[in-house]
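These notes are about the structure you will find just below.
Number of protein chains: 2
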Amino acid sequence: MVTGFLSLFLIDWEANNVAKTILDGNLVSKAIREDLKKRVDLLKEKNVTPCLATILVGDNPSSETYVKMKGNACAKIGMESIRIHLPENTSTEELLEKINELNENPKVHGILLQHPVPAHIDERLAFESISIKKDVDGVTSMGYGQTALGFGKYPACTPAAIMEIIRYYQIPIAGKHAVVVGRSPILGKPVSALLLNDDATVTTCHSKTTNLESILSQADIVVAAVGKPNFILGDWLKEGAVVLDAGYNKGNVGDVDYDSCYEKASAITPVPGGVGPVTISMLLKHTVIAAEEM
Amino acid sequence: MVTGFLSLFLIDWEANNVAKTILDGNLVSKAIREDLKKRVDLLKEKNVTPCLATILVGDNPSSETYVKMKGNACAKIGMESIRIHLPENTSTEELLEKINELNENPKVHGILLQHPVPAHIDERLAFESISIKKDVDGVTSMGYGQTALGFGKYPACTPAAIMEIIRYYQIPIAGKHAVVVGRSPILGKPVSALLLNDDATVTTCHSKTTNLESILSQADIVVAAVGKPNFILGDWLKEGAVVLDAGYNKGNVGDVDYDSCYEKASAITPVPGGVGPVTISMLLKHTVIAAEEM
Numbered sequence: 001m002v003t004g005f006l007s008l009f010l011i012d013w014e015a016n017n018v019a020k021t022i023l024d025g026n027l028v029s030k031a032i033r034e035d036l037k038k039r040v041d042l043l044k045e046k047n048v049t050p051c052l053a054t055i056l057v058g059d060n061p062s063s064e065t066y067v068k069m070k071g072n073a074c075a076k077i078g079m080e081s082i083r084i085h086l087p088e089n090t091s092t093e094e095l096l097e098k099i100n101e102l103n104e105n106p107k108v109h110g111i112l113l114q115h116p117v118p119a120h121i122d123e124r125l126a127f128e129s130i131s132i133k134k135d136v137d138g139v140t141s142m143g144y145g146q147t148a149l150g151f152g153k154y155p156a157c158t159p160a161a162i163m164e165i166i167r168y169y170q171i172p173i174a175g176k177h178a179v180v181v182g183r184s185p186i187l188g189k190p191v192s193a194l195l196l197n198d199d200a201t202v203t204t205c206h207s208k209t210t211n212l213e214s215i216l217s218q219a220d221i222v223v224a225a226v227g228k229p230n231f232i233l234g235d236w237l238k239e240g241a242v243v244l245d246a247g248y249n250k251g252n253v254g255d256v257d258y259d260s261c262y263e264k265a266s267a268i269t270p271v272p273g274g275v276g277p278v279t280i281s282m283l284l285k286h287t288v289i290a291a292e293e294m
Numbered sequence: 001m002v003t004g005f006l007s008l009f010l011i012d013w014e015a016n017n018v019a020k021t022i023l024d025g026n027l028v029s030k031a032i033r034e035d036l037k038k039r040v041d042l043l044k045e046k047n048v049t050p051c052l053a054t055i056l057v058g059d060n061p062s063s064e065t066y067v068k069m070k071g072n073a074c075a076k077i078g079m080e081s082i083r084i085h086l087p088e089n090t091s092t093e094e095l096l097e098k099i100n101e102l103n104e105n106p107k108v109h110g111i112l113l114q115h116p117v118p119a120h121i122d123e124r125l126a127f128e129s130i131s132i133k134k135d136v137d138g139v140t141s142m143g144y145g146q147t148a149l150g151f152g153k154y155p156a157c158t159p160a161a162i163m164e165i166i167r168y169y170q171i172p173i174a175g176k177h178a179v180v181v182g183r184s185p186i187l188g189k190p191v192s193a194l195l196l197n198d199d200a201t202v203t204t205c206h207s208k209t210t211n212l213e214s215i216l217s218q219a220d221i222v223v224a225a226v227g228k229p230n231f232i233l234g235d236w237l238k239e240g241a242v243v244l245d246a247g248y249n250k251g252n253v254g255d256v257d258y259d260s261c262y263e264k265a266s267a268i269t270p271v272p273g274g275v276g277p278v279t280i281s282m283l284l285k286h287t288v289i290a291a292e293e294m
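Chains as they are written, first to last, in the working numbering: chain R, 1 to 294; chain G, 1 to 294.
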């Protein structure tokens, strides 16, 4: 559990003159990584170096950037990483073979297959072939099921990051109404499950939702995971809502219209510098845990 | 997909003078079992007899009744069943061994471990050890994950029954607000996931929900899965709501206060004769599918 500076950021939920808090992902991330660095050092004393293997298929430039960022983040806290870059025309079978190799490699503690893979590859089959013990990115159906049923070790990293921010800032969840906008397998669905397990009343909205504004106007906690820039407007929110923006659109823009939502919210994540940096930290954290448990 | 008599039961959702429909589980169940009987006959022509293995541990009388009912239901449509009754003092290891035997028995297509098992047994470990191919009761975390991610073959049977009733009566779901009261791993959580996958906006409520009445008053579809007799009152519902009562409490009483909810609802399942009989039919259906796919 991350600690430090907490009292400065306590949100006085009950009071009417709600304190305005910017939920600083870099701060949360720094605290996580400082803790992880110590744990990595301890593991190294036992001759174990936590190692994340990333697999990139094809030449998507943003994917290349993401994978590079993850590798660099590993290095900064003393972890190892293996970057596997497969050509665009890799077949599903070849990818499965590579994943299986990593499953069986005792030096590898976590495996991340960078989404999306080229269209001719069966991405779901590839995800499913990752060993549950190394599924630090929470992409397998078993990993998802364990998370939703309340005993998962490695939830998908962005949902895990959102929960970590909520814990760091001691935002109360139990009995609160959380509204998640989005239902993707790596974001909207698992974050809904995690909020529910922490006793929020959870509503999951999506493209077919007909009364989004009315539902959002009741939300104590809003998670935006819809993939549309500046989509959620401050006018739609309840005064004092906590807003977590998991969107990351072109031009460093989130799913939330920041300025108008800032006015209404009691606490809000910026983009960039909100959920993003914590997401990578959760990937590191899951890999360190996997190494500790191996 | 079940068909038959549908036009008689179409609900005129838009009109103010909503037709009142009692969602007759026995009728839905009959249609499913007639279809299954034909499929069992076809399988038998290929020398395959669908077979459900049930495992009961200990001497809980209601569990004994449930297991017997399931076995009898198999026989009525020409399926086989194997009833395994283990003593109260069975260890987790002994139970796992038995499950593994059934996993490897090619004559067994579905395995049901009757919940609850005695407290000294690790029930979750036992559930997890059921082969995903034979998990016709949807209890494994992988089965749950596959269901929630939209490609599960065998959702838990009560949630599957609720969806089957909705389909049989052609109740529109897309864009509707479904409120599920309860979040158990075999009922509230998976039915929330199934409704979400069918494009409902889904709110999951539970014991920590602080404003249940206000949320229920907005629900187009209500699923009661809370395990408290006559808990949900008609006063809480929106006029014309569809009410699905998955509760089954002592004295044949559901979770829904039937008389008051009947007044408000456009459609409602009775207890008994609602979700219950369809649940057993879904167990049979999943086992037949497992046999067809083996």
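Cβ coordinates follow ideal geometry from the N, Cα and C atoms, glycine included.
The C-beta separation of SER192 (chain G) from VAL202 (chain G) comes to about 5 Å, placing the pair in contact by the 8 Å criterion. The alpha-carbon separation between LEU36 (chain R) and LYS285 (chain R) amounts to approximately 7 Å.
Along the region 207–239 of chain G, going in chain order, the ones with a CB nearer than 9 Å to a CB of chain R are SER207, LYS208, THR209, THR210, ASN211, LEU212, SER214, ILE215 and GLN218. With contacts defined as CB atoms closer than 8 Å, ASP255 (chain G) and VAL275 (chain G) fail to qualify as a contacting pair. Taking HIS206 (chain G) as reference, the option from G:GLU101, G:PHE231, G:GLY175 and G:PRO272 with the minimal CA-CA separation is G:PHE231. Runs of the alpha helix (DSSP H) lying entirely within the region 166–233 of chain G and spanning at least 4 residues, in chain order: 188–197 and 212–216.
For ASN100 (chain G), the CB contacts under 7 Å within the same chain, skipping 5 residues up- and downstream, are SER129 in chain order. Per DSSP, the continuous beta strand (DSSP E) segment holding LEU112 (chain G) begins and ends at 110–113. Within chain G, LEU196 have C-beta atoms less than 7 Å from the C-beta of ARG183 (chain R), given in sequence order. Nearest CB-CB separation between GLN146 (chain G) and chain R: below the 8 Å threshold. Straight across, the Cα-Cα distance linking ASN197 (chain G) with LYS189 (chain R) is about 10 Å.
A distance below 6 Å between beta-carbons, with the five flanking residues on each side excluded, links ALA53 (chain G) to the following residues of its chain, in chain order: ILE82, LEU102, VAL108 and ILE111. For SER184 (chain G), the closest of G:LEU96, G:SER63, G:TYR144 and G:ALA178 by C-alpha to C-alpha distance is G:TYR144. The three-state secondary structure of VAL278 (chain R), taken from DSSP, is helix.
The criterion of a C-beta distance shorter than 8 Å is satisfied by TYR168 (chain G) and VAL28 (chain G). For the pair VAL253 (chain R) and LEU149 (chain R), the Cα-to-Cα distance works out to about 33 Å.
In this model, ALA119 (chain G) and LEU113 (chain R) are separated by some 40 Å (Cα to Cα). LYS68 (chain R) sits exposed, since fewer than 16 C-beta atoms from the chains shown fall within 10 Å of its C-beta. Within 8 Å of the CB of CYS205 (chain R), the CB atoms of chain G belong to THR201, in sequence order along the chain.
In chain order, SER141, MET142 and GLY145 make up the part of chain G whose C-beta sits under 7 Å from the C-beta of MET142 (chain R). A distance below 7 Å between beta-carbons, with the five flanking residues on each side excluded, links MET294 (chain G) to the following residues of its chain, in chain order: HIS109. Under the Cβ distance rule, LYS189 (chain R) counts among the residues neighbouring chain G, one pair being separated by less than 8 Å. Residue pairing by DSSP places LEU244 (chain G) opposite G:VAL223 in a beta bridge. With a contact defined as Cβ atoms closer than 8 Å, VAL179 (chain G) and LEU216 (chain G) qualify at about 6 Å. Within the region 107–136 of chain R, the residues whose Cβ lies closer than 8 Å to some Cβ of chain G are ARG124, listed in chain order. Shown here for SER131 (chain G): same chain residues with a beta carbon closer than 8 Å to its own, the five before and five after excluded, namely ASN103 and ILE111 in chain order. The Cβ of LEU149 (chain G) sits closer than 8 Å to at least one Cβ of chain R. Cβ-Cβ separation between THR49 (chain R) and GLU80 (chain R): approximately 5 Å, consistent with a contact (criterion under 8 Å). At least one beta carbon of chain G lies nearer than 8 Å to the beta carbon of ALA174 (chain R). As for any beta strand (DSSP E) of minimum length 3 sitting wholly inside the region 63–104 of chain R, the runs are 80–86, ordered along the chain.
Burial state of ALA126 (chain G) is buried, judged by a 10 Å Cβ sphere holding 16 or more other Cβ atoms.
The alpha-carbon separation between ILE173 (chain R) and VAL226 (chain G) amounts to approximately 21 Å. VAL288 (chain G) sits in a helix when the DSSP states are folded into three classes.
By the criterion of a C-beta distance shorter than 6 Å, LYS176 (chain R) is surrounded in its chain by ALA200, ASP220 and ILE221, once the five residues flanking it on both sides are discounted. By DSSP's assignment, CYS51 (chain R) forms a beta bridge with R:GLU80.
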